[in-house]
Amino acid sequence: MRIQSEKIDVLYELESSVFECLLIAVNEAMRNGFNIVGCNVSIFQKEYLNTHKKELMIHFFPVKITPKNASEYELVQDDFCVYIDFFTKKVIRSCSSI
């Protein structure tokens, strides 16, 4: 009988198109001088129902936002967002809150 000595969990699985956009967003953030080391990342998809246009918003933020620290975070706003057209993989816009 074998004793299992390790456990492997899949934390996140990204589709290749989403991963490609993530790499584009990382490049855009670094190109704009935003330090992404230690950042959390949120990825949102927005679809315009009348035009079927899709864009991804990739949000880099260094502090995990919780209800307890939300008001403190609002004062600092140390984050960076990149908006990417899902089909063309072009950066629509990018901005930092600072």
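Going by the working numbering, the sequence shown opens with residue 7, and the numbers climb by one from there.
A virtual CB, placed ideally from N, CA and C, is assigned to each residue, including glycine.
Please classify residue i as buried or exposed, where buried requires at least 16 neighbouring CB atoms within 10 angstroms.
i   : result
Y18 : exposed
I9  : exposed
I64 : buried
F50 : exposed
From the DSSP secondary-structure annotation, give me the bridge partner or partners of residue i.
i    : result
S100 : V88
I64  : I49 and V88
K59  : Y54
Check whether the Cβ atoms of residue i and residue j lie closer than 8 Å to each other.
i   : j   : result
F27 : K74 : A small fix is needed here, since residue 27 is Cys in this sequence, not Phe. Result no, Cβ atoms of C27 and K74 do not sit closer than 8 Å.
V47 : F66 : yes
F92 : A35 : no
E61 : I90 : yes
I believe residue i touches residue j by the beta-carbon criterion, under 8 Å. Please report the beta-carbon distance rounded to the nearest angstrom.
i    : j   : result
S100 : V88 : 4 Å
G39  : P68 : Not quite, the Cβ-Cβ distance comes to about 14 Å (not below 8 Å), so this is no contact.
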